[in-house]
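Q: As they're listed, the protein sequences go chains A and B.
Take the first sequence: its position 23, counting from 1, is numbered 23 in the numbering used here, and each next residue is one higher.
Take the second sequence: its position 463, counting from 1, is numbered 463 in the numbering used here, and each next residue is one higher.
Where is the CB? At the ideal position from N, CA and C, for every residue including glycine.
Computed from a predicted model, the values in this text were never measured in an experiment.
Can you read through this structure? Questions will come right after.
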Amino acid sequence: MENMVNIFLFGKKYSVPENLTIMTAMEYAGYQLVRGCGCRNGFCGACATIYRIKGERELKACLACQTKVEDNMYIATLPFFPLVKQVYDMETIKPTEAVMMQLYPEIYACVGCNACTKACTQGLNVMQYIAYAQRGDFEKCAEESFDCVMCGVCSSRCPAGISHPQVAMLARRINGKYLAPGCDHLENRVKEIKDGSFNELIEALMQKPVEELKELYNTREIEK
Amino acid sequence: MYSEKFQKSLAAVEAAREKNIALEPERMTAKQKEDLLAAYHPDYKADQFEVLKIGPNKGEKVPTELAEMLQAHSRISADSVDLSNPDYETDVLIIGGGGAGSSAAIEAHEAGADVMIVTKLRIGDANTMMAEGGIQAADKPNDSPAIHFVDAFGGGHFAAKRELLSKLVCDAPEAIQWLSNLGVEFDKDADGTMITTHGGGTSRKRMHAAKDYSGAEIMRTLRDEVLNRNIPVIDFTAAIELIMDENGNAAGAVLMNMETKELLVAKAKTVIIATGGAGRMHYQGFPTSNHYGATADGLVLGYRAGAKLLYAETLQYHPTGAAFPEQIFGALVTEKVRSLGAKLVNKNGEVFMHPLETRDVTAASVIRECSDRGNGIDTGNGFGVWLDTPMIEKIGGEGTIMKRIPAMWRMFDKYGIDIRKEPILIYPTLHYQNGGLDITPDCMTTNIKNLFVAGEAVGGIHGKNRLMGNSLLDIIVFGRSAGKSAAKAAKDTTVGELTLKHIEKFENEIKEAGIETSAVSPKLLPNYTKQNNI
């Protein structure tokens, strides 16, 4: 017999096997999920969840698909959080500090409580990446926020009303497009293809009998 | 931390590590691969397939679970929906909000079309988001689209439609450039050179990555761009049937609100199916690395309307799904772990194959090790073999894992396993739908006008097995192409009277073929509730 634990889904008690995640425990209890369930693997941020262990003071946040149930766990899912996403044109935006001031001025109202960092389901230093954004250091903001799954738990805990994941998204796009070094071999290859440099080679492959292609494949040289 | 029962095998793995790092395992010959696949690959298990009795692919075999969905009843009857007052009207209707659908939306919008996305979950809830390892493109001086072509054609058992594959490889560098210009952060050296690695079956290092969040980085950027363009995204709304017009062209879809079950009608000049894969069909009882909504919906929608499938009988089982702990059973362990040097090791500490054979061959080899050879490790939930991740730190230097595959570290760290110090247990997991709807290079289905397809719902790009990094590539290349083609076609299209007659016709075929089924399709979501399991 499996070991069972008691959990409380939105306050209601269920007995579930202890080896389940919060997500599979909800399904075990009979919930057919539509919201709050996406990749089931920790990448999409659909299953943000807050919980408290009975008797403890701390309110914790997690991804339901990545967290095992515990005895006396009070669980509330947060399948949607109203983040603010500003609209901008990547082609005309300038990679300067002023961008953040224009689009997400609330980041300058950060009170330094660090609740965002404590709540992050990915263990990121959220307050630090907001500090980088304030200074217009997009590269560092991008690096520090890279593993963000945009679940929105940080923003749910923020007294200044910051939409941290969207701030980081903007910083990463600016970094990727404007600040990261350009790539010569990529530019060259795109041009070569446009100029038709490979047309003959490809055309030859299109016409070759399968037996010849097999020979080509089975004897091809593999880069070490 | 692994419990006592794993320790003996772990000790063997550790003892052999130095020797195993130095070892250069031989590649299999073509004959060895063929024999291995025939004996151990799930695609070759004849009793797991069923011959279709109706529809455009009548007489061909597909997985039993897919056959049930393809030959199921519609969720609606032809006369139960009022088509005269559409709830939405648009030029291009895109079904699916993953990487292919989003790329298509951006390009259709760029071309000036009125475009709209419907998705049964949220935009970005897609296999794209979960792709970890990378995206291929032949952009290095020692590489070329022709070499890429040969790698992919051979890896796919010489079955790919060549005109689709040549488009894939020739448009690849531009796809990377397009993503870079949107702000996707690829791993680069200080001088801008892309950091690239091998994938299984590649002959050049052409795997571009964004750590091991490659798909997530691409997906969140595409999503951001869709939102910046104010393209309408109707979320939690599934397409449950295509709508045709009196001329037999695709002209919209019947939609269902996933929460309220309300039915809605979307009328469109052109339709793009970008519904993704089928891992949640759990073919042959396999666990899956796929997202929650991967239930082959697009294949069902297209098939019922008369579109042809190609290679729907071939699935990809990713060789390295997590086999332990059970909470992440079936979750993807990126191939990049092997690209960075980790080898597959059996319970005796022996490297039993070259770690970078193609996925089908590697999966079959792992299954052989865990079955007939008896060299698997009992995980308590079946068997698995070791993937010796500490090798990566020894080969690439300390810190390589945190820098290159942080998501993998995080996934196992949550369960007390530090992959820098301890190996992990893996077993094949259902990963990718090689087959799908048959298209021409402009992404239109071969037999229904104005019906376009992009992404995992397409069949034929990869043949019968796909190489790592060619799926992120195909959703971008064919997603963009579908968006452009659909926008162009919309300009010349006048939609005739809308009809759902094809549903009635299909229902008659079910009856005439004597198929008795209570199943309805598309499936939309799997059901994992306890009541369902009993």
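Taking buried to mean at least 16 other C-beta atoms within 10 Å of its own C-beta, is Asn181/B buried or exposed?
A: Here the question's residue 181/B lines up with position 181 in the second sequence. Label assigned to Asn181/B: exposed.
Q: With a threshold of 8 Å, are at least 3 pairs of Cβ atoms found where one atom belongs to the segment 159 to 176 of chain A and the other to the segment 138 to 145 of chain A?
A: Yes, the segment 159 to 176 of chain A is in contact with the segment 138 to 145 of chain A.
Q: Please classify Phe138/A: does DSSP put it in a helix, a strand, or coil?
A: The count along the first sequence starts at 1 and reaches residue 138/A at position 138. It is helical.
Q: With a threshold of 8 Å (Cβ to nearest heavy atom), would Cys148/A be considered close to the ligand COA?
A: Among the components modelled here there is no ligand, and therefore nothing to report on the ligand COA.
Q: Give the DSSP bridge partners of Trp386/B, in chain order.
A: The residue you call residue 386/B lines up with position 386 of the second sequence. In DSSP, Trp386/B forms a bridge with Val345/B and Leu425/B.
Q: Within 9 Å of any Cβ in chain E, is that where the Cβ of Asp418/B sits?
A: Structure shown: chain E not included; protein chains present are A and B.
Q: By a C-beta neighbour count over all protein chains shown, 10 Å radius and 16 as the cutoff for buried, is Phe478/B buried or exposed?
A: Within the second sequence, numbered from 1, the residue matching residue 478/B stands at position 478. Burial call: buried.
Q: Quick one: residues in its chain with C-beta nearer than 7 Å to the C-beta of Ile218/B, no 5 flanking neighbours on either side, listed in chain order?
A: In the second sequence, counting from the first residue as 1, residue 218/B sits at position 218. If we look at Ile218/B and ignore the five residues flanking it on each side, its Cβ neighbours are Gly99, Thr128, Leu179, Val184 and Leu472.
Q: From Pro17/A to Thr219/A, what does the alpha carbon distance come to, in whole angstroms?
A: Taking the first sequence and counting its residues from 1, the one referred to as residue 17/A is at position 17. Taking the first sequence and counting its residues from 1, the one referred to as residue 219/A is at position 219. Rounded to whole angstroms, Pro17/A to Thr219/A spans 53 Å at the Cα level.
Q: With a threshold of 8 Å on Cβ separation, who are the neighbours of Ile534/B within its own chain once the five nearest residues in sequence on each side are excluded?
A: Residue numbering aside, residue 534/B sits at position 534 when the second sequence is read from its first letter. Because the pLDDT of Ile534/B is 38, which lies under 50, any placement of that residue in the model is unreliable, and the number read from its coordinates should be weighed accordingly. There are no such residues.
Q: Thr362/B lies in the alpha helix (DSSP H); which residues open and close that run?
A: The count along the second sequence starts at 1 and reaches residue 362/B at position 362. Thr362/B -> alpha helix (DSSP H) spans Arg359 to Cys370.
Q: Here's the rule: buried if 16 or more other CB atoms are within 10 angstroms of the residue's CB, otherwise exposed. What is Asp297/B?
A: Along the second sequence, read from residue 1 onward, the residue named residue 297/B stands at position 297. Flag for Asp297/B reads buried.
Q: Write down the C-beta distance between His354/B and Glu26/B rounded to the nearest angstrom, noting that I regard them as a contact closer than 8 Å.
A: For the purposes of this step, residue 354/B is taken as residue 354 along the second sequence, with counting starting at 1. For the purposes of this step, residue 26/B is taken as residue 26 along the second sequence, with counting starting at 1. Right, their Cβ atoms sit about 7 Å apart.
Q: What are the residues that DSSP puts in a beta bridge with His354/B?
A: The residue labelled residue 354/B in the question sits at position 354 within the second sequence. Answer is none; His354/B lacks a bridge partner.
Q: By how many angstroms is the C-alpha of Glu4/B removed from the C-alpha of Asn3/A?
A: Here residue 3/A is taken as the residue at index 3 of the first sequence, counted from 1. Here residue 4/B is taken as the residue at index 4 of the second sequence, counted from 1. In a straight line, the C-alpha of Asn3/A is about 20 Å away from that of Glu4/B.
Q: For His291/B, which residues in chain A fall below 8 Å Cβ to Cβ?
A: Against the second sequence, residue 291/B aligns to sequence position 291. Chain A residues near His291/B: Gly38, Cys39, Arg40, Asn41 and Cys44.
Q: Strictly under 9 Å for the Cβ-Cβ distance: is Ile534/B near chain A by that measure?
A: Taking the first residue of the second sequence as position 1, residue 534/B is located at position 534. Confidence at Ile534/B is low in this model, with a pLDDT of 38, below 50, so the placement of that residue is unreliable and no value is reported for it.
Q: According to DSSP, is Ala12/B part of a helix, a strand, or is it coil?
A: For this step, residue 12/B is matched to residue 12 along the second sequence. Helix at Ala12/B.
Q: So is Thr92/A in contact with chain B if we call contact Cβ pairs under 9 Å?
A: Counted from its first residue, the first sequence places residue 92/A at position 92. Thr92/A does not count as touching chain B.
Q: List, in chain order, every chain A residue whose beta-carbon is nearer than 8 Å to that of Glu326/B.
A: Here residue 326/B refers to the residue found at position 326 of the second sequence. Neighbours of Glu326/B on chain A, chain order: Asn19.
Q: Looking at C-beta atoms only, is the number of pairs between the segment 27 to 37 of chain B and the segment 288 to 296 of chain B that lie closer than 8 Å three or more?
A: Taking 8 Å as the limit for Cβ pairs, the verdict is that the segment 288 to 296 of chain B does not touch the segment 27 to 37 of chain B.
Q: Mind listing, in chain order, the continuous alpha helix (DSSP H) runs of no fewer than 4 residues lying wholly within the segment 63 to 126 of chain A?
A: Within the segment 63 to 126 of chain A, the complete alpha helix (DSSP H) runs of at least 4 residues are 97 to 103 and 115 to 119.
Q: Could you check which residue in His41/B, Pro141/B and Ala312/B has the C-alpha nearest to that of Thr358/B?
A: Numbered from its first residue, the second sequence carries residue 358/B at position 358. The shortest Cα separation from Thr358/B among His41/B, Pro141/B and Ala312/B belongs to His41/B.
Q: Say whether chain B places a C-beta atom closer than 9 Å to the C-beta of Glu221/A.
A: Position 221 of the first sequence, counting from 1, holds the residue named residue 221/A. True, the Cβ-Cβ gap to chain B drops below 9 Å.
Q: Are Gln316/B and Leu222/B closer than 9 Å when you measure CB to CB?
A: Translated into positions along the second sequence, residue 316/B becomes position 316. Translated into positions along the second sequence, residue 222/B becomes position 222. It is not a contact, given that the beta carbons lie outside the stated cut-off.
Q: Between the Cα of Gln327/B and those of Asp184/A, Cys154/A, Gly42/A and Met100/A, spot the shortest distance and give me the residue it belongs to.
A: Along the second sequence, one-based indexing puts residue 327/B at 327. The candidate whose alpha carbon is nearest that of Gln327/B is Gly42/A.
Q: Assign Ile243/B to one of three DSSP states: helix, strand, or coil.
A: Along the second sequence, read from residue 1 onward, the residue named residue 243/B stands at position 243. Strand, per DSSP.
Q: Got a sec? Which residues, its chain only, sit under 6 Å from Ala482/B by beta carbon, not counting five neighbours each side?
A: One-based indexing of the second sequence puts residue 482/B at position 482. So the qualifying residues of the chain are Ala104, Ile272, Cys443, Phe452 and Ala454.
Q: Between the segment 3 to 21 of chain B and the segment 241 to 260 of chain B, can you find at least three pairs of beta-carbon atoms closer than 8 Å?
A: Output reads no: the segment 3 to 21 of chain B does not touch the segment 241 to 260 of chain B.
Q: Which word fits Gln190/A, buried or exposed, when buried means at least 16 other C-beta atoms lie within 10 angstroms of its C-beta?
A: Locating residue 190/A in the first sequence gives position 190, where the first residue counts as 1. First, the amino acid is wrong: residue 190/A is Val here, not Gln. That one is buried.
Q: Are the segment 43 to 59 of chain A and the segment 120 to 135 of chain B in contact at 8 Å, needing three or more beta carbon pairs?
A: Contact holds: three or more Cβ-Cβ distances are below 8 Å.
Q: Does the separation of the CB atoms of Pro79/A and Arg35/A fall below 9 Å?
A: Position 79 of the first sequence holds residue 79/A. Position 35 of the first sequence holds residue 35/A. Yes, the pair counts as a contact, with Cβ atoms nearer than the cut-off.
Q: Which of the three DSSP states, helix, strand or coil, is assigned to Asn188/A?
A: For the purposes of this step, residue 188/A is identified with residue 188 of the first sequence, where counting begins at 1. Of the three classes helix, strand and coil, the one that applies to Asn188/A here is helix, per DSSP.
Q: For chain B, find out if any of its Cβ atoms is closer than 9 Å to the Cβ of Val190/A; answer yes or no.
A: The residue you call residue 190/A lines up with position 190 of the first sequence. Chain B, which has a Cβ nearer than 9 Å to the Cβ of Val190/A, makes this yes.
Q: What in chain A is Cβ-close to Tyr213/B, meaning under 8 Å?
A: The residue you call residue 213/B lines up with position 213 of the second sequence. Those within 8 Å of Tyr213/B in chain A are Phe43, Phe146 and Asp147.
Q: Taking the continuous alpha helix (DSSP H) assigned at Thr221/B, which residues delimit it?
A: In the second sequence, the residue the question calls residue 221/B occupies position 221. Ser214 to Asn228 is the extent of the alpha helix (DSSP H) around Thr221/B.
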